[in-house]
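Each remark here refers to the structure printed beneath this line.
Numbering (our numbering), first residue to last: 343 to 435.
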């Protein structure tokens, strides 16, 4: 088997392994999501109490939460993405 095919197989295997749902991954996802929600709620509450214009409206708050979630989504879901290998790793193999 050529090195290219071996590399493809190894990459495919690592992607499949990363996507497997385990209890540990789900617990870490839950904890990350919980911390994110608590921090974002605290920030929105503080900004509302400080009188930032517009944040008293429900829909503005929802847009802020949605925008923040889109920014943090890659961090939250990093458990289900294959890890990137070091540059020197492919030369060593």
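For glycine and all other residues, C-beta sits at the position ideal for the given N, C-alpha and C. Here the structure is a predicted model, which means the values were calculated and not measured.
Compute the Euclidean distance between the alpha carbons of residue i and residue j, then round it to the nearest angstrom.
| i | j | result |
| --- | --- | --- |
| residue 381 | residue 389 | 12 angstroms |
| residue 350 | residue 344 | 10 angstroms |
| residue 430 | residue 353 | Summary for residue 430: the model assigns pLDDT 49, below 50, so the residue's position carries little reliability; its value from the coordinates is reported in the next sentence. Near 16 angstroms, if we compare the C-alpha coordinates of residue 353 and residue 430. |
| residue 397 | residue 405 | 10 angstroms |
| residue 401 | residue 384 | 17 angstroms |
| residue 410 | residue 416 | 11 angstroms |
| residue 364 | residue 392 | 42 angstroms |
| residue 305 | residue 413 | In the structure as shown, the chain begins at 343 and stops at 435. Residue 305 is therefore absent and cannot be evaluated. |
| residue 378 | residue 346 | 41 angstroms |
| residue 355 | residue 368 | 21 angstroms |
Suppose the cutoff is 7 angstroms on Cβ atoms and the five residues either side in sequence are ignored; what does the same chain contact list for residue i look like?
| i | result |
| --- | --- |
| residue 361 | 422 |
| residue 371 | 418 and 421 |
| residue 357 | 424 |
| residue 436 | Summary: the structure shown does not reach residue 436, with the chain confined to residues 343 through 435, and so no result is reported for it. |
Report all residues from its chain with a CB closer than 6 angstroms to the CB of residue i; omit the five preceding and five following residues, and keep chain order.
| i | result |
| --- | --- |
| residue 359 | none |
| residue 386 | 403 |
For residue i, name the three-state secondary structure that DSSP assigns.
| i | result |
| --- | --- |
| residue 395 | coil |
| residue 430 | Note on residue 430: pLDDT 49, under 50, position unreliable in the model; the coordinate value appears next. Here residue 430 sits in coil by DSSP. |
| residue 364 | coil |
| residue 375 | helix |
| residue 424 | coil |
| residue 356 | helix |
Flag residue i as yes if its beta-carbon sits less than 8 angstroms from any beta-carbon of chain B, otherwise no.
| i | result |
| --- | --- |
| residue 394 | Going by chain labels, chain B is absent from the structure shown, which holds only one protein chain. |
Excluding the five sequence neighbours on either side, which residues of its own chain have a C-beta within less than 8 angstroms of the C-beta of residue i, listed in chain order?
| i | result |
| --- | --- |
| residue 366 | none |
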